[in-house]
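Peer 1: Could you have a look at this structure, given as structure tokens, before my questions?
Protein chains: 4
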Amino acid sequence: MEGVKDKTEEKAVEEISLKDLSRKLEEFAKARDWEKYHSPRNLLLAMVGEVGELSEIFQWKGEVEKGLPNWEEADKEHLGEELSDNNPSSEKKEDRRFSPHPCNFQ
Amino acid sequence: MEGVKDKTEEKAVEEISLKDLSRKLEEFAKARDWEKYHSPRNLLLAMVGEVGELSEIFQWKGEVEKGLPNWEEADKEHLGEELSDNNPSSEKKEDRRFSPHPCNFQ
Amino acid sequence: MEGVKDKTEEKAVEEISLKDLSRKLEEFAKARDWEKYHSPRNLLLAMVGEVGELSEIFQWKGEVEKGLPNWEEADKEHLGEELSDNNPSSEKKEDRRFSPHPCNFQ
Amino acid sequence: MEGVKDKTEEKAVEEISLKDLSRKLEEFAKARDWEKYHSPRNLLLAMVGEVGELSEIFQWKGEVEKGLPNWEEADKEHLGEELSDNNPSSEKKEDRRFSPHPCNFQ
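Line order of the protein sequences matches chains E, B, H and R. The opening residue of the first sequence carries number 91 in this note's numbering; numbering runs sequentially from there. The opening residue of the second sequence carries number 91 in this note's numbering; numbering runs sequentially from there. The opening residue of the third sequence carries number 91 in this note's numbering; numbering runs sequentially from there. The opening residue of the fourth sequence carries number 91 in this note's numbering; numbering runs sequentially from there.
Shown next, in the form of structure tokens:
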């Protein structure tokens, strides 16, 4: 995930609890007045969209091994960005409308 | 689907049989030497990617009625383009690597 | 797709045009009074569900070759059934609430 | 999520950090010798399958409000089960082959 956030930030994210992550996501949405968009089916379709973007990274690769040994650095970075789209501390997300999170469905 | 292809082309597509569609997709891939990419799981992930793009169009809309009565023309056109991504006669597809089609899975 | 429908039926399906397929799907839904369920986002989520079922067939297989040379007959049959879930002439579908089809989105 | 796990267990899960969750998922897989199944594309397709199952719960509902005010208890419970499919402490998962988790992709 290099290139998306620095080491300190990455560590902070890893230490966060599911509960605090959920709370941070709520605050993130509230601060931007995005809660009105977060109906269950909106969030579900957003999750489908995110999984679709992950799939587009992998779609023409054929089978790949754990650790992505033969991938170019740019592809790994792209993957890291997609995987961190749920990460509330990512600076990259400022221009995104929300963070999908399973806890928001209920 | 206006804006993606003209009326004559649209009619031709509608008249095509599933068998001929499948054959055209095969020819389309063969002519570009793309068959090597068309392993079952590559195609499946490509299909997930396409469904993800459809979902991204609908994700923040809340519920929408049949016929998309309140959608702007640009959104309808975007949707038409995504839906025609499986359409082998679309000129737009020249730069795409393939056309996913259920028949190719087996 | 052996085991799902007989040869004659399979041929009839292959010869059908996209336009007639679309019309048959409409009639199929109308006859069951299912049109009320066919809002764009309902259909989209149903499509996501179908793609999810396809994915579950492939998820633990590792990479598979075209033609599925090492698959057991039961797995091939299961795949055929999932792929034919869009096929309006399949007897298997009598108990399903609808047939998702891209043409219904607009 | 009542019915899937008791209150104490639920609290324990909420307090877990992303790092520990990731580690528990690894241990869970290792103890069952499932690591061999966890190639990136296997996990990705498993994630698509899970999102597909969520979609099947929502597909015929039309739009639903936050908190699912008009849902029956059985539907809410089913949803809770699907959402907890990533939860490594769920007893329900003993018979599942693995837990998909974004962290496993890299």
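Backbone N, C-alpha and C fix where the C-beta goes; we use that ideal spot for every residue, glycine too.
1. In terms of alpha-carbon separation, which member of H:I106, H:K114, H:E153 and H:E167 lies closest to N132 (chain B)?
2. List the residues of chain E that L135 (chain B) touches, going by C-beta distances under 7 Å, in chain order.
3. At 7 Å on the CB atoms, spell out the chain R contacts of G152 (chain H), in chain order.
4. List, in chain order, every chain B residue whose beta-carbon is nearer than 8 Å to that of K114 (chain H).
5. I'd like to know if the segment 135-144 of chain R and the segment 135-142 of chain E are in contact, where contact means that at least 3 CB-CB pairs between them fall below 8 Å.
6. Distance, Cα to Cα, E172 (chain H) vs P159 (chain B)?
7. Name the DSSP beta bridge partners of S107 (chain R), please?
8. Under 8 Å between the Cβ atoms of E104 (chain B) and L108 (chain H)?
9. Just to confirm, is the Cβ distance from P130 (chain H) to K166 (chain B) under 8 Å?
10. Does DSSP put E92 (chain E) in a helix, in a strand, or in coil?
11. Taking CB distances under 8 Å as the criterion, tell me whether E104 (chain B) reaches chain H.
12. Taking Cβ positions only, does K126 (chain H) come closer than 8 Å to chain B?
13. Which of the three DSSP states, helix, strand or coil, is assigned to D123 (chain R)?
14. Under 8 Å, Cβ to Cβ, is there at least one residue of chain E near P190 (chain R)?
15. Kindly indicate which residue of B:E146, B:K120, B:R122 and B:Y127 has the alpha-carbon position closest to the one of Q149 (chain E).
16. What is the DSSP secondary structure of S129 (chain R), counted as helix, strand or coil?
17. With a cut-off of 8 Å, does the C-beta of E155 (chain E) fall near any C-beta of chain R?
18. Please decide whether K109 (chain E) counts as near chain R, where near means a Cβ-Cβ distance under 8 Å.
19. Determine the burial state of A102 (chain R): buried for a count of at least 16 other Cβ atoms within 10 Å of its Cβ, exposed for fewer.
20. Taking its Cβ as the centre, do 16 or more other Cβ atoms sit within 10 Å of A121 (chain E), making it buried, or is it exposed?
21. Taking the beta carbon of A119 (chain R) as the centre, do at least 16 other beta carbons fall within 10 Å, making it buried, or is it exposed?
22. Tell me which residue opens and which closes the alpha helix (DSSP H) that E171 (chain H) is part of.
23. Quick check: is the beta carbon of G170 (chain B) nearer than 8 Å to any beta carbon in chain E?
24. Can you list, in chain order, the residues of its chain whose CB lies under 7 Å from that of E125 (chain B), leaving out five sequence neighbours each side?
25. Does the beta-carbon of E117 (chain R), which I'm using as the reference point, lie nearer than 7 Å to any heavy atom of the ligand COA?
Peer 2: For this structure:
1. H:E153
2. S145, F148 and Q149
3. S129 and N132
4. By Cβ distance, chain B contributes nothing, its closest Cβ being about 12 Å from K114 (chain H), past 8 Å.
5. These segments touch.
6. Near 33 Å, if we compare the C-alpha coordinates of P159 (chain B) and E172 (chain H).
7. S107 (chain R) is bridged to E:S107.
8. yes
9. Cβ distance not < 8 Å, so P130 (chain H) and K166 (chain B) don't count as in contact.
10. Unreliable positioning characterises E92 (chain E) in this predicted model, as indicated by a pLDDT of 40, which lies under 50. The coordinate reading is nonetheless provided below. In the displayed model, E92 (chain E) falls within coil according to three-state DSSP, outside both helix and strand.
11. Cβ-Cβ to chain H under 8 Å: yes for E104 (chain B).
12. no
13. coil
14. With a pLDDT of only 44 at P190 (chain R), under the threshold of 50, the placement of this residue in the model should not be trusted, and no figure is reported.
15. Answer by Cα proximity: B:Y127.
16. coil
17. Residue contact check for E155 (chain E) against chain R: a CB pair falls below 8 Å.
18. It does: the Cβ of K109 (chain E) has a partner Cβ on chain R nearer than 8 Å.
19. exposed
20. exposed
21. buried
22. E163 to L173
23. No, G170 (chain B) does not count as interfacial toward chain E.
24. A119, listed in sequence order.
25. This structure does not include the ligand COA; it has no bound ligands of any sort.
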